[in-house]
Each structure stands twice: as structure tokens, then as C-alpha cells.
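Participant: Here this note's numbering is used: the first residue of the sequence shown is 41, the next is one more, and so on.
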Amino acid sequence: MAIKTAASTTLNAKQQTDVINSFTSKDGMVIKYRQIGHGPGLVMLHGAMESSASHLALAKELADAYTVYLPDRRGHNLPLPFRKDYNMQQEVDDLDALLTKTDSHLVFGVSAGGIIALQAALKLPAIHKIAIYEPALIVNNSISTDFLPRYDREIAEGKTAAALISGMLGGQLGPPFMNKIPRWFMQFMTTMTMR
């Protein structure tokens, strides 16, 4: 699909640059997102250690068929703080606000974004279809859930970086060498990447 720009040059959707826009979530937080392409709206949710830029190449591949919206989830890339009482419902509320603003009905989630997509699909009638890739799911007791009380406690205490590490290590989401890195160092590095 080709489009005409103001300068009367023709670009296909893959050559377009993304537009940065924003929406306001239920709690008043202004959240930025990237937008590219033309067609039915598709919201792409990135994973825990990513940002909206992480899936921009994929969005450009889909831009001829979809208008792709890539929000920066709270605490990722385009500066947004985590609230002390951060929880899954905030993620669902954020997605709901973006779906409403863009009149989108399709959601694609990667890793933690996949978990959000699944939770949102249970609660938001605006979602007509979802696709998920590598969601951090525990199926048929495939790994121990002993880490979950620590994870829940860290989330409740507002220790988001520590909770991410607990989830990653407990969920066996990283390569084996991650188990040898001191936890304090991983927490420091995770905190730095979340700023």
C-alpha cells in the first residue's frame, strides 16, 4: 500500500516512520505510544525488559495491513513511572484506554505483554482477537511456584525490579548463567533499565 505525503512523494508503509502520540489511562497517567501503518487497529504489547521500539520492525512489516499501536508500558522507555501499588489491573486499564482511543480490537502480546493480553481478553469486550508469543506461563506444574510468595511480596512493597528478577529466576526465563549473577547486581541493572 502506498501513501502520498505532503511533499507528494510516495512511501510504502514499511518506509514510514512511526508517529508518537499519547492517551490517558483510567488513573490519569498519560502514556505514550508509537503508531504506524493503515488498516484495522492492532495493539502490540512488549515484554518486561523491552519497550515500544523493541517490536518496531515487526510493526513495519504489518503496516501495509494494520494500523499498529505500540504503547510504552509503565516503567519502559518513554518515561513513565511505576506506581507503588502497580498491579495487573493497571495494565488492563491502560490497554482498555488505548483500545478505546484507537477503536482497536486486535491485541498481540510478547512475553509479559502476552500475559496482559490474556488477562485483558477475559475482562475487555473490546478485544475481538489476541495472539501471544512466548508468554511466561506455568503449565501442568512444569516449574516450581515456590518463588511466587516472594514475587507477590515484592510487588506489594513496590519493589518492581526485585519482583521482575524473582519472576525471571523463578520462572526460569533467562539463560542458566543468570543464576550465578548476584541478585543485588541484577536488581541494580534492572532498576537502571527501567528509568
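Idealized CB from N, CA, C, for every residue including glycine. It should be emphasised that the depicted structure is a prediction, and the values quoted were computed from it without experimental measurement.
#1: Locate the beta strand (DSSP E) running through residue 75, then write down its first and last residues.
#2: If we ignore side chains and look at the alpha-carbon of each, how far apart do residue 225 and residue 232 end up?
#3: Just verifying my parser: in three-state terms, what is the DSSP assignment at residue 171?
#4: Where residue 177 and residue 165 are concerned, what is the direct C-alpha to C-alpha distance, given to the nearest angstrom?
#5: Any idea what DSSP makes of residue 59, helix, strand or coil?
#6: Got a sec, what are the start and stop residues for the alpha helix (DSSP H) residue 240 sits in?
#7: Note down, one range per segment and in chain order, each beta strand (DSSP E) of at least 3 residues found wholly within the segment 80-167.
#8: What is the rounded straight-line gap between the Cα of residue 245 and the Cα of residue 127?
Facilitator: This is what the structure gives:
#1: Here the beta strand (DSSP E) through residue 75 covers 70-77.
#2: 11 Å
#3: strand
#4: 23 Å
#5: strand
#6: Since the first residue shown for the chain is 41 and the last is 235, residue 240 is missing from the structure and cannot be characterised.
#7: List check, beta strand (DSSP E) in window: 81-85, 107-111, 146-150.
#8: The shown model of the chain, from 41 to 235, leaves out residue 245, and the question about it has no answer.
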